[in-house]
Every structure is written in structure tokens, then in C-alpha cells.
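K.L.:
Protein chains in written order, with my numbering: chain A, 428 to 653; chain B, 778 to 1056.
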């Protein structure tokens, strides 16, 4: 159900602007992830450089969202669903910024890997990347479309991602023992798998914040509280 | 019936966050029970089937758009509406500590002593600060000077006004600032030792500093008194009250803890009103 507009048009404009900036930031972070991993898979340093350079714009957007959120709290003193939307937008931006950082970390390691002959174990990264990317997209989608059902799928998907990461690490450790000359390369691939595992954690956080914004439910840390 | 007392976890939460009450304090028990209340001005029914239980020693805020009946309901609680021709309760009852306040045997003067009221605009009497406070006690037959002195000082201290006026007790109450006049009126209400204090937009004419002083006073007073406040200021309701009741078109739409009302109200009408989507 679409909420009616506020009596104050400036309030609606400020909320819409905040939301648009969050969605813009997520698009840029997704593009950075795409560039970083294309740079890795296609051994293209230019794409890696692009992912690293784009981070500046994402950082600035995070600051802008924080500034706009504070300004909104200050000027309109939002309550109920409006307050939850502002708080969630600010928390989302922080998680998106960290996802973009994982893209930068990956791009830096990809450039190092590109200096050496290709490792066939690169293929273990691809499914992890696809899984983490889908989680990120769906996390943001659950926020944008106010889809609690989609958001609630994330925890199980994050567990799957953790298992994929563990399995990949195991395989890479085995390869290190078999092929110690490429130790540095395998280590970088392990770090990249770990970056993707962090992307999944942030995507889960995004979905949790979306649930809070939509339904006022705090679904974080439910296992630890039990 | 909508009763805040049916939410034991809420009441116990509130108690646990406050200074431990003394044994005689009955925090969380119901002080006022409003049941199936209808009220009309002549043929114009303005309150419809109000069911509400107001807890003792807590602040309950009434919010809602102008004309929703919140002030009318407030004025029912000490029968101030008796003074208006044609205004009457057409159905239902109001009990305070188990006593039906509209039953024929109730002494209205005594009821208004027990249920004090502070109005939107401060209304000190054209008398000295001292005489403003002593007025109610003198009406009640207190003449002994030492007892009056004691009660005046105690009331002014309770209203956080003593330090500001102790050296000019015999100047006119009109000489005080707006905020001080409002606290003088609160002190005047406290002097007759009420159990309940009704506040009808007590800060609407005050600047932010004076408002903060009154709000701080409300916080201190709620350990001893049951307070019901009508306010149009959502932030004030959020800051001051433990429970909030939202009224619309003469009906009680929702009542809950203030935290719940302002974070995640159950009713769409409440959400639309507090977020400024009404209209």
C-alpha cells in the first residue's frame, strides 16, 4: 500500500532524495564489483583501475547521505515509518560503502594476480562472486521494493555463501601445499573469496535494515539472542 | 476495553527504568477508568464510546487534530464541562480510584482539589505570588500562617520556582515571565495536594527554555502524581509521556506506550497523523 504524501511537500522531496541517493550508491557499488571481478576474470588492469577510481564517488555519496539524513532529522523530526526510513537509509549507505571497499580490495589483488600467469583455480571464485552479487542485488531490491519476503531469504543464502567460501579456501590451501611457488597467488584468491564473503554479510545487513524500515522488526542477531 | 494495564510487560519495563518506588507508591495501577463514554454539547455528540484506563504515577498524553475531543475528555476528568450549558455525558462512566465521579454524591469542589488542572494560557490570580499559592488552601479553611508558609514553599519548590521567587513572594504574579506564570499555576495546583494533574497544552504559549523547564517539572512530578497532558506538539508528547492516546473525530483510535506509538503505531490513522500525512 502506497503511503499518502506528507502535507509538507519539502519533507517528501527530502525523503525521496535520500532514497534516490541510496539507490544511486548501490548502482555504483554494483558497477564497481562488476569492474573489479571482470578485471580479475579477464585479466584487465584498466577495469581494476576503474573500480578503484570509482570508490571516491561512492565515498562522497555516503557522506552526502549522512548529511542529508541528519538534516532531515533536524528539520522534520520524522517519526514512525519516516524515522525508520531515514535511519535505514543511513545504515544502508554504510553497508554499501563497505561493499564498494571490497570491490577496491579485490581490484588491487586482481592487479597483482594479473602480473603472473593465470591460475586455473580462478574458476572457484566465479560461483562465489555470482552468489554474493545476487545477494547484494536482492538486499537492495528488498529495500527498494519493500519486499520483506525477499529480505528474509538472505540469512540462509549467507550461510550458503559462507560454506562456498570455506570450501574454496580448503581447495586453495591444498593447492598451496601442492604448488608452493604460486603461494602468493593462491593467497590472493583466498582473500578475494573472503572479500566476497564480506559482501554477503553486508548484503544481509542491508536486508535486515530493509525489514526494519518496512515492518519495524529487528531481525538481527536472532540466534545469538536465543 | 483499551487498557494500558493489560500490558504488564510495558508497565514492568517502565518501573524498572525508574527510581525504585517507595512501598506506598502504586506505580502502574490504574488511577482513572473511562468506560464506554459518550459526551455531547447539546445535540452534538463529540466523544464516542471512549474506553481508556490511565495508569497512576505516569504521564499519559492525549494527541489528535483540533476538534478530535481530547480537551473535552480531559475536562471530563474533573467535571470542568459541568460549567458549560448543555454539555453532558450521555453514556458511560469515569471512575477515579474506583469512585464514579459523576455520581450524585460526589463533591465537585473536592473532586477538583483531587484533580488539578493547568491551562493553555497561564492564568494567575491578580494577587501576590504567595496569595496565588495559598488561595486554594484558604478556601479549604487553612488559616494558620505557619502551615500556609510551609505549603507555599513546598509547592513552589515542587514546581521548580522557589529559587526564582523566594525573595519576592509578595509581588504580583503578573510580574513573572510567561514560563514562570505557568509554573506558578502548576504550584497553585500542587498546593492543595491533588492526586491527578490535568494539563491542557501547558507549553503552547512558552518559549523553548520555559517549555523545557515545564517538561522537566513534569518528569519530576510523575513520581508522585498521575499526569494527563493534551498537546499538539508531537515532540513534546514523545519527550514527556509514558503512554500516548490518539483521538480522531471523537474516537480513541489507539493507545499504547509512547515509544510504540512514535516508532510503529498499530493503526494507519495514527501513523498518518503523527507523520504529517493527514489532510
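Just so you know, even glycine gets a beta-carbon here, dropped at the ideal spot from N, CA and C.
State the start and end residues of the unbroken alpha helix (DSSP H) segment that holds residue 618 (chain A).
P.N.:
Working through the first chain from its first residue, we reach residue 618 (chain A) at position 191. Element bounds for residue 618 (chain A): 610-642.
K.L.:
Is the stretch 811-819 of chain B touching the stretch 965-983 of chain B, taking contact as three or more C-beta pairs under 8 Å?
P.N.:
No, they do not touch.
K.L.:
Please identify the residue among A:621, A:516, A:496 whose C-alpha is closest to the C-alpha of residue 559 (chain A).
P.N.:
Mapped onto the first chain, residue 559 (chain A) falls at position 132. Ranking A:621, A:516, A:496 by Cα distance to residue 559 (chain A) puts A:621 first.
K.L.:
Select from the stretch 498-515 of chain A all residues with a C-beta closer than 9 Å to any C-beta belonging to chain B, and list them in chain order.
P.N.:
Within the stretch 498-515 of chain A, the qualifying residues are 503, 504, 505, 506, 507, 508, 509, 510, 511.
K.L.:
What does the Cβ neighbour count give for residue 1018 (chain B), buried or exposed, with the cut at 16 atoms within 10 Å?
P.N.:
As a working note, residue 1018 (chain B) is residue 241 in the second chain. Counting Cβ neighbours within 10 Å, residue 1018 (chain B) comes out buried, since at least 16 surround it.
K.L.:
Examine the Cβ distances between the stretch 511-526 of chain A and the stretch 440-456 of chain A and report whether three or more of them are shorter than 8 Å.
P.N.:
The answer is yes - the stretch 440-456 of chain A touches the stretch 511-526 of chain A, with three or more Cβ pairs under 8 Å.
K.L.:
Assign residue 557 (chain A) to buried or exposed, taking buried as 16 or more other Cβ atoms, counted over all protein chains shown, within 10 Å of its Cβ.
P.N.:
By 1-based counting over the first chain, the position of residue 557 (chain A) is 130. Under this definition residue 557 (chain A) is an exposed residue.
K.L.:
Can you look up residue 452 (chain A) in the DSSP assignment and give me helix, strand or coil?
P.N.:
As a first step, residue 452 (chain A) must be located in the first chain, where it is residue number 25. Helix, per DSSP.
K.L.:
Can you tell me where the alpha helix (DSSP H) with residue 568 (chain A) in it begins and where it stops?
P.N.:
By 1-based counting over the first chain, the position of residue 568 (chain A) is 141. 552-571 is the extent of the alpha helix (DSSP H) around residue 568 (chain A).
K.L.:
How many angstroms separate the CA atom of residue 625 (chain A) from the CA atom of residue 532 (chain A)?
P.N.:
Taking the first residue of the first chain as 1, we reach residue 625 (chain A) at position 198. Taking the first residue of the first chain as 1, we reach residue 532 (chain A) at position 105. When rounded, the distance between both Cα atoms is 11 Å.
K.L.:
According to DSSP, what are the bridge partners of residue 832 (chain B)?
P.N.:
Walking along the second chain from the start, residue 832 (chain B) turns up at place 55. BP columns for residue 832 (chain B) point to B:807.
K.L.:
Between the alpha carbons of residue 969 (chain B) and residue 914 (chain B), how many angstroms are there, rounded?
P.N.:
Residue numbering aside, residue 969 (chain B) sits at position 192 when the second chain is read from its first letter. Residue numbering aside, residue 914 (chain B) sits at position 137 when the second chain is read from its first letter. Roughly 6 Å between the two C-alpha positions.
K.L.:
Give the residues from the stretch 637-649 of chain A that approach chain B closer than 8 Å (Cβ to any Cβ), ordered along the chain.
P.N.:
Cβ contacts with chain B come from 643.
K.L.:
Jot down the residue ranges of each uninterrupted beta strand (DSSP E) in the stretch 941-984 of chain B, minimum 3 residues, whole runs only, in chain order.
P.N.:
Runs found: 973-977.
K.L.:
Tell me, to the nearest whole angstrom, how far the beta carbon of residue 551 (chain A) is from that of residue 595 (chain A); I am working on the premise that it is less than 8 Å.
P.N.:
The residue given as residue 551 (chain A) occupies position 124 in the first chain. The residue given as residue 595 (chain A) occupies position 168 in the first chain. At roughly 5 Å, the Cβ-Cβ gap stays under 8 Å, so residue 551 (chain A) and residue 595 (chain A) are in contact.
K.L.:
Which residues does DSSP pair with residue 868 (chain B) in a beta bridge?
P.N.:
Stepping through the second chain from its first residue, residue 868 (chain B) is reached at position 91. Residue 868 (chain B) pairs with B:815.
K.L.:
Determine, using beta carbons only, whether residue 941 (chain B) comes closer than 8 Å to chain A.
P.N.:
Here residue 941 (chain B) corresponds to residue number 164 of the second chain, with the count starting at 1. Taking Cβ atoms only, chain A never reaches closer than 8 Å to residue 941 (chain B), which makes this a no.
K.L.:
Secondary structure at residue 789 (chain B), three-state DSSP: helix, strand or coil?
P.N.:
Taking the first residue of the second chain as position 1, residue 789 (chain B) is located at position 12. Because residue 789 (chain B) carries a pLDDT of 33, less than 50, the predicted location of this residue cannot be relied on, and the following value inherits that uncertainty. In this structure, residue 789 (chain B) counts as helix in the three-state DSSP scheme.
K.L.:
Indicate the three-state DSSP secondary structure (helix, strand or coil) for residue 893 (chain B) in the structure shown.
P.N.:
Numbered from 1 along the second chain, position 116 holds the residue referred to as residue 893 (chain B). In this structure, residue 893 (chain B) counts as strand in the three-state DSSP scheme.
K.L.:
Kindly list the residues whose CB is nearer than 7 Å to the CB of residue 436 (chain A), restricted to its own chain and excluding five residues on each side of it in sequence; keep chain order.
P.N.:
Indexing the first chain from 1 puts residue 436 (chain A) at position 9. Answer for residue 436 (chain A): no residue qualifies.
K.L.:
Which of the residues in the stretch 481-498 of chain A, read from start to end, lie with their CB under 7 Å from any CB of chain B?
P.N.:
Per Cβ criterion, the list is empty.
K.L.:
What's the call for residue 454 (chain A), buried or exposed, on a 16-neighbour Cβ count within 10 Å?
P.N.:
Taking the first chain and counting its residues from 1, one reaches residue 454 (chain A) at position 27. Exposed, because fewer than 16 other Cβ atoms sit within 10 Å of the Cβ of residue 454 (chain A).
K.L.:
Going by other Cβ atoms of all chains shown within 10 Å of its Cβ, with 16 needed for buried, is residue 586 (chain A) buried or exposed?
P.N.:
Working through the first chain from its first residue, we reach residue 586 (chain A) at position 159. Exposed, because fewer than 16 other Cβ atoms sit within 10 Å of the Cβ of residue 586 (chain A).
K.L.:
Nearest-angstrom Cα distance between residue 1014 (chain B) and residue 575 (chain A)?
P.N.:
For the purposes of this step, residue 1014 (chain B) is taken as residue 237 along the second chain, with counting starting at 1. For the purposes of this step, residue 575 (chain A) is taken as residue 148 along the first chain, with counting starting at 1. If I take the Cα positions, the gap works out to 31 Å.
K.L.:
For the beta strand (DSSP E) containing residue 1028 (chain B), name the first residue and the last one.
P.N.:
If you number the second chain from 1, residue 1028 (chain B) lands on position 251. Looking at the DSSP string, the run of the beta strand (DSSP E) that includes residue 1028 (chain B) is 1028-1034.
K.L.:
Does residue 430 (chain A) get closer than 8 Å to chain B when you measure Cβ to Cβ?
P.N.:
For the purposes of this step, residue 430 (chain A) is identified with residue 3 of the first chain, where counting begins at 1. Closer than 8 Å: yes.
K.L.:
Measure from the alpha carbon of residue 632 (chain A) to the alpha carbon of each residue in A:646, A:642, A:554, then state which is nearest.
P.N.:
Taking the first residue of the first chain as position 1, residue 632 (chain A) is located at position 205. Of the candidates A:646, A:642, A:554, the one whose C-alpha sits nearest the C-alpha of residue 632 (chain A) is A:646.
K.L.:
Put residue 1024 (chain B) into one of helix, strand or coil per three-state DSSP.
P.N.:
By one-based count along the second chain, residue 1024 (chain B) stands at place 247. Note: residue 1024 (chain B) maps to strand in three-state DSSP.
K.L.:
Can you tell which of A:614, A:491, A:478 has the C-alpha that lies nearest to the C-alpha of residue 600 (chain A)?
P.N.:
For the purposes of this step, residue 600 (chain A) is taken as residue 173 along the first chain, with counting starting at 1. Nearest of A:614, A:491, A:478 to residue 600 (chain A), Cα basis: A:614.
K.L.:
Sorted by chain position, which residues of the same chain lie with C-beta nearer than 8 Å to residue 1025 (chain B)'s C-beta, five sequence neighbours on each side aside?
P.N.:
Walking along the second chain from the start, residue 1025 (chain B) turns up at place 248. Hits under 8 Å: 841, 842, 845, 1046, 1050.
K.L.:
Tell me which residues share the same chain as residue 935 (chain B) and place their Cβ nearer than 6 Å to its Cβ, disregarding the 5 neighbours each side in the sequence.
P.N.:
As a position in the second chain, residue 935 (chain B) is number 158, starting the count at 1. If we look at residue 935 (chain B) and ignore the five residues flanking it on each side, its Cβ neighbours are 967.
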